[in-house]
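A quick write-up on the structure given underneath.
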Amino acid sequence: MCGIVGLFLKNEALRPLLGGWLARMLVEMGDRGPDSAGFAVYRRPAPEGAVKITLFHPDPAFAWAALAEGFAAGLGCRAAAERRGNHAVLTADVDEAAARAWIAAHHPELRVMGFGQRIEVFKDMGGPAAVAERFGLAGMDGTHALGHTRMATESAVTTEHSHPFAVGAELCLVHNGSLSNHNSLRRNLARHGIRFDTDNDSEVAAGYFAHQMQQGASLAEAMEAGLADLDGFYTFAVGTRDGFAVLRDPIACKPAILAETDDWVAMGSEWKAIAPLPGAERATVWEPKPATVYAWGRA
Amino acid sequence: MITVDLDATEVRELNHRLHHLPADTNERLWRVVNPRGKHALLAGLDRPVAVTIEGHVGYYCAGMNQEAEVIIDGHAGVGVAENIMSGTVRVRGNASQAAAASGQGGLVVIEGDASARCGISMKGVDIVVGGSVGHMSAFMAQTGRLVVCGDAGADLGDSLYEAAIYVQGAVAGLGADCEEQPMTDADRAAVADLLARAGLPGDPARFRRYGSARRLYHFHVDHADQY
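As given, the protein sequences belong to chains Z and U, one line each in that order.
Here numbering that gives the first Met the number 0 is used: the first residue of the first sequence is 0, the next is one more, and so on.
Here numbering that gives the first Met the number 0 is used: the first residue of the second sequence is 0, the next is one more, and so on.
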């Protein structure tokens, strides 16, 4: 089944409240997916020329400070790691590709959950209330965020198989549904240099959109292209550095509801997820049409 | 008037109270506040009570309704009034997918739009939609009437049996074995009656009728590609 939520703030004054609001939305969707939960938050950007990499290590006592020290020494840069649960956000003034190569070479046990200037990604096994608590979601500020509660149907229940999937820089995706042509798509995308960490179908969709955007497509154009190439059923919510978009498959197998006020745009699998938001009772509410891209961006 | 606040009362408790009303109950007027998209509100009512829900509801609201008159003053989630037997369910906003699915009797009024599969497998219910309906509405509908004041999405009436569909606006496309049929005086009278009962505006003269071409009733090898 799965539950997905998205929140895009139009009013800057609400940024300190983003994480708290997303946590409430996510918990409301707990009945739709108790296996694992996760979220991506677009927060204050890393300094110019620096990158943020969210990393996961299964040992909650992992020595993140020592990792940052070794990383800085190895690459001759400045680096700092901020622990959150069994994840940490490593901020370093270094090229993203070099950073990932160093991590892969020296700490192959680490998983990269997301990377970019603004995005931070946290996900783990367990229900949404526990996962939100574990990572301190309610205290996170930011401009927009996506969340997912998973009822696994397609691949294993692990932290790595949880959503959101962040395959390209700043891009992340949450998915309700399943894809049937993900194996062939994965092979094709791998030939174009897209790297996948799991055998999960939704990760392929994230990689597909990342690849489209690397080729110059806008987020909305990438999703339009997906209508032809992604076979299966889906409601997707996708975040980029400055944007947020929603797409349902052509027969609208999976539910979705959108609501917009002057202050925010919210997406949920059900109205329950949006109802607790301040201002929800005055929002414009509609069900997104099948095969139609809905996108918002910040200039 | 009895008011139930769902911020303070469990859905199960509300439904239990309504299910256990005696047949001759005097508690006939109910108001439900703070529904917040919760599921299965008022499912299985079987007494002639009038219940108004103030706000948006989740899945399967007023499912299996008998005799009760339910008003949802907001939007409704998937499967509102599914399997309705009698009584009336009115949605003042929009309804999600599969509104009035498998309904066997009574009247369902959606004042706004209904999305995909409105009236799927309807078996005698009357449905009046003030706005438009999504794709595959009245899929495998068996009997009953679907009146759409706006437009209809793709594959309207696919694999239809004997239900009648009336659409005032544009139809994006007809499903397998669904055809446009002549509007008779009886059809126009039926539409006028249903619009009046729904309290919705509409000009019966502008509606077109769609029904089953009955080509799928029996297996015919020439139609194999349509099965």
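From the three backbone atoms N, C-alpha and C, an ideal C-beta is built for every residue, glycine too.
Here the structure is a predicted model, which means the values were calculated and not measured.
Can you list, in chain order, the residues of its chain with a C-beta nearer than 7 Å to that of Met84/U? Leave out the 5 residues immediately preceding and following it. Here the set comprises Met63, Asn64, Gln65, Gln103, Gly104 and Gly105.
Just verifying my parser: in three-state terms, what is the DSSP assignment at Val31/U? Strand at Val31/U.
What does Ser217/Z pair with, by DSSP beta-bridge criteria? None; Ser217/Z has no bridge partner.
Contact between the segment 157-165 of chain Z and the segment 194-211 of chain Z is defined here as three or more beta-carbon pairs at a separation below 8 Å; is this criterion met? With a cut-off of 8 Å, the segment 194-211 of chain Z and the segment 157-165 of chain Z count as touching, because enough Cβ pairs lie within range.
Following the continuous beta strand (DSSP E) through Arg116/U, name the residue where it begins and the one where it ends. Run containing Arg116/U: none; DSSP gives neither H nor E here.
CB contact check: Thr33/Z to chain U, cutoff 9 Å: Looking at the sequence provided, one finds Pro at residue 33/Z rather than Thr. Not an interface residue.
What residues from chain U crowd round Pro289/Z, counting only those whose CB sits closer than 8 Å? Ala115, Gly133 and His134
For Gly133/U, count neighbouring C-beta atoms within 10 Å of its own C-beta (all shown protein chains included) and say buried if the count is 16 or more, exposed if not. buried
Looking at the C-beta of Gly156/U, does it have a partner C-beta in chain Z at a distance below 9 Å? no
For chain U, check one thing: does any of its Cβ atoms lie closer than 9 Å to the Cβ of Ile118/Z? no
Give every residue of the same chain whose Cβ lies closer than 8 Å to the Cβ of Ala188/U, excluding the five residues on either side of it in the sequence, and list them in chain order. Pro203
Endpoints, beta strand (DSSP E) assigned at Gly5/Z: Gly2 to Leu8
Quick check: Arg83/Z and Phe121/Z, are their CB atoms within less than 9 Å of each other? Taking C-beta atoms as the reference points, Arg83/Z and Phe121/Z count as a pair closer than 9 Å.
If you measure from the beta carbon of His74/U to each beta carbon in chain Z, is any gap under 9 Å? yes
Could you please give the first and the last residue of the uninterrupted beta strand (DSSP E) stretch that includes Met266/Z? Trp263 to Gly267
State the DSSP-derived secondary structure class of Met0/U, mapped to helix, strand or coil. coil
Which residues DSSP lists as bridging Met124/Z, in chain order: Paired residue(s): Ser35/Z.
Where does the unbroken alpha helix (DSSP H) through Arg186/Z begin, and where does it stop? His181 to Arg190
Is the distance from the Cβ of Glu259/Z to the Cβ of Ala265/Z below 9 Å? yes
Return helix, strand or coil for Arg117/Z, following the three-state DSSP convention. coil
4 or more residues per run - each alpha helix (DSSP H) lying fully within the segment 205-251 of chain Z: 218-228
Out of Ala39/U, His219/U and Arg208/U, which one is the CA nearest neighbour of Asn278/U? Limits of chain U in this structure are 0 at one end and 226 at the other, which puts residue 278/U out of reach.
At least three beta-carbon pairs within less than 8 Å, the segment 177-190 of chain Z to the segment 225-235 of chain Z: These segments touch.
Roughly how many angstroms lie between the CA atoms of Ala80/U and Glu26/U, to the nearest whole one? 22 Å
Report the three-state DSSP secondary structure of His174/Z (helix, strand or coil). strand
State the beta-bridge partners of Ser101/U as determined by DSSP. Under DSSP, Ser101/U forms no beta bridge with any residue.
Give me the residue from Met139/U, Gln141/U and Gly156/U with the minimum Cα distance to Val147/U. Gly156/U
Cα-Cα separation between Leu199/U and Arg205/U, rounded to whole angstroms: 14 Å
Suppose the cutoff is 6 Å on Cβ atoms and the five residues either side in sequence are ignored; what does the same chain contact list for Asp150/U look like? Ser131, Gly168 and Ala169
Using CA atoms only, rank isn't needed, just tell me which of Gly172/U, Gly174/U, Ile109/U and Ala99/U is closest to Gly143/U. Ala99/U
Exposed or buried, what is Glu280/Z when buried is set at 16 or more other beta-carbons lying within 10 Å of its beta-carbon? exposed
Hey, could you find the ends of the beta strand (DSSP E) Glu81/Z is sitting in? Ala78 to Arg83
Whose Cβ in chain Z lies nearer than 8 Å to the Cβ of His55/U? Below the 8 Å Cβ cutoff, chain Z contributes Trp270, Ala274 and Val284 as neighbours of His55/U, in chain order.
Counting contacts by CB-CB distance shorter than 9 Å, is Tyr59/U in contact with chain Z? No - not a single Cβ of chain Z is within 9 Å of the one on Tyr59/U.
Under 9 Å between C-beta atoms, does Ala251/Z make it to chain U? yes
Using the beta-carbon count (16 or more within 10 Å), is Arg196/U buried or exposed? exposed
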